[in-house]
Every structure is written in C-alpha cells, then in structure tokens.
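**Q** Protein chains in written order, with my numbering: chain A, 98 to 211; chain B, 124 to 236.
We treat Cβ as the ideally placed atom computed from N, Cα and C, and that holds for glycine.
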Amino acid sequence: DQQVKQNSPSLSVQEGRISILNCDYTNSMFDYFLWYKKYPAEGPTFLISISSIKDKNEDGRFTVFLNKSAKHLSLHIVPSQPGDSAVYFCAASATTSGTYKYIFGTGTRLKVLA
Amino acid sequence: DAGVTQSPTHLIKTRGQHVTLRCSPISGHKSVSWYQQVLGQGPQFIFQYYEKEERGRGNFPDRFSARQFPNYSSELNVNALLLGDSALYLCASSLGVAGYGYTFGSGTRLTVV
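Below you can see the structure in the form of structure tokens.
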C-alpha cells in the first residue's frame with residue numbers, strides 16, 4: 098500500500114524552463130511534507146518543506162504547492178539548471194501520530210537539458 | 124561543519140551473517156533515524172531514536188535492531204542476513220524528535236551474497 102506516490106518516474110526539461118514534479122498521497126493524517134533530491138552515491142539532500150497549514154512555500158528557485166483537498170503536492174523549479182538533474186523524492190509525515198517517520202515516494206528522475 | 128557520517132560506506136556480507144552499521148549525527152542533533160533504500164524505491168523507515176530511546180519502528184523483522192549512545196551516535200544491527208537485505212542504509216539526524224527537514228548521511232551500501 099503506497100501511501101505516497103510519484104507517478105512520473107522521469108522528466109526531461111530544457112535549461113531555463115520550469116520543472117514541475119508531482120506527488121500524491123492517500124493518508125489524510127499527513128501534515129508535513131518534504132522534498133529531497135538525490136545524486137548518485139550521495140544521501141538525499143533536503144530541499145524544501147511545507148506544513149499542512151500552508152498551501153505554498155517558496156525558497157529561491159524552489160516552490161512547493163500543497164492541495165490538501167486533492168491530497169497533492171508539487172515542486173516547481175524555476176528556472177531549471179543542468180545541476181538540478183537528480184532524483185527527487187517527496188516524503189510525508191503524520192507529526193501528530195507520535196512517531197516521526199517519513200513515508201517516501203519512489204522518486205522522479207529529473208534531467209535538465211543544456 | 125561535519126555532516127552526518129556513516130561507516131562503512133560499502134560492505135559485502137554472506138547470507139546468515141550479522142552486520143553492524145554506524146552513524147554519527149551532526150553535532151547537537153539528538154535524533155537519529157534509519158532508513159533502508161532498495162534500488163528503484165524510496166527510503167523506507169526502520170527506526171527512530173531520540174535521547175537514546177526508541178521513538179518509532181517501521182515494518183521490519185526483529186532481525187533488525189538499533190541503539191543510540193550517550194554521544195547520540197547510533198548503530199543499526201541486522202542478524203541472519205538475507206539476500207533481500209541488500210540495500211542502501213541511510214541515517215538521518217535532526218535537532219529534535221520531530222525530524223523537521225532532517226539531514227541524511229551518504230549511506231552504507233550493503234550487499235548480501
């Protein structure tokens with residue numbers, strides 16, 4: 098039972114354009130969400146987070162949008178750069194459950210073409 | 124500033140053996156969580172420790188155990204290794220128990236043959 102889904106295994110975008118990565122979840126108890134990116138042979142690197150009390154959070158080129166009614170979040174990268182090429186994971190946690198574990202999606206491989 | 128450090132980086136073990144993986148959190152971080160990442164999947168939660176106490180456990184068999192030491196470093200132990208235990212094992216640390224935006228180490232790549 099996959100509670101966090103990233104339905105696009107890969108995405109290619111031209112340098113300078115917008116990259117949109119999507120994530121869907123099923124558990125309505127999830128109230129905190131993270132995006133990580135991962136390069137080969139490295140651990141995941143934290144990018145941006147959002148709490149369920151917000152519907153948008155922005156940090157530089159990265160913006161995360163949360164649609165609670167649709168149980169959907171998305172990560173926008175503008176403008177995309179070749180160095181953004183990596184695997185991106187979304188993760189969700191039900192922080193009120195008492196156990197602060199994150200459920201990760203299966204990842205989307207982003208390739209930014211120069 | 125040292126990040127989260129994990130050792131060893133790579134490990135090859137035989138089925139039935141035991142393995143110990145180690146993690147040193149960022150200085151000042153009191154929470155350590157362990158995740159298993161199988162190729163093509165996202166990381167899966169194994170354990171969380173905070174202030175040396177277990178605060179959460181994922182759906183892993185009792186062959187998996189962990190502990191946290193007074194200096195907040197942690198060990199993950201896996202007994203009676205199976206081929207399916209081959210994976211990247213990730214450690215993440217955070218300041219508090221809530222784990223907001225925690226920092227991952229580079230992982231230990233375990234291969235069971």
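#1: Does the separation of the CB atoms of B:T231 and B:Q140 fall below 9 Å?
#2: Taking the DSSP output, what are the residues bridged to B:H133?
#3: Take the Cβ of A:L118 as the centre, count every other Cβ of all protein chains shown within 10 Å, and call the residue buried at 16 or more, exposed below.
#4: Could you tell me if A:I200 is buried or exposed, where buried requires 16 or more neighbouring beta carbons within 10 angstroms of its beta carbon?
#5: Are the C-beta atoms of A:A183 and some chain B residue less than 9 Å apart?
#6: Taking its Cβ as the centre, do 16 or more other Cβ atoms sit within 10 Å of B:I135, making it buried, or is it exposed?
#7: Leaving out five residues before and five after B:P131 in sequence, what residues of the same chain have Cβ atoms less than 7 Å from its Cβ?
#8: Any C-beta of chain A within less than 7 Å: which residues of the segment 168-182 of chain B qualify?
#9: Nearest chain B C-beta to A:K151 closer than 9 Å, yes or no?
#10: Starting from the C-beta of B:S216, find all residues in its chain whose C-beta is less than 7 Å away, skip the five residues before and the five after it, and write them out in chain order.
#11: Using DSSP bridges, identify the partner residues of A:I117.
#12: Show which residues of chain A have a CB atom less than 9 Å away from the CB atom of B:Q164.
#13: Grab the span of the beta strand (DSSP E) containing B:E177 for me, first residue to last.
#14: Note down, in chain order, every chain E residue with its Cβ under 7 Å from the Cβ of B:T226.
#15: Who does B:A210 pair with in a DSSP beta bridge?
#16: Quick check on DSSP: helix, strand or coil for A:T205?
#17: For A:D181, does the three-state DSSP call read helix, strand or coil?
#18: Rounded C-beta distance between B:T143 and B:N200? I'm assuming under 8 Å.
**A** Result, derived from the coordinates:
#1: no
#2: B:R232
#3: buried
#4: buried
#5: no
#6: exposed
#7: T231
#8: F168, Q171, R178, G179 and G181
#9: no
#10: V127, P148, I149, H152, S154, V155, Y225 and T226
#11: A:H173
#12: F201, T203 and G204
#13: E176 to R180
#14: In the structure shown, chain E cannot be found, because the protein chains are A and B.
#15: B:L233
#16: strand
#17: helix
#18: 5 Å
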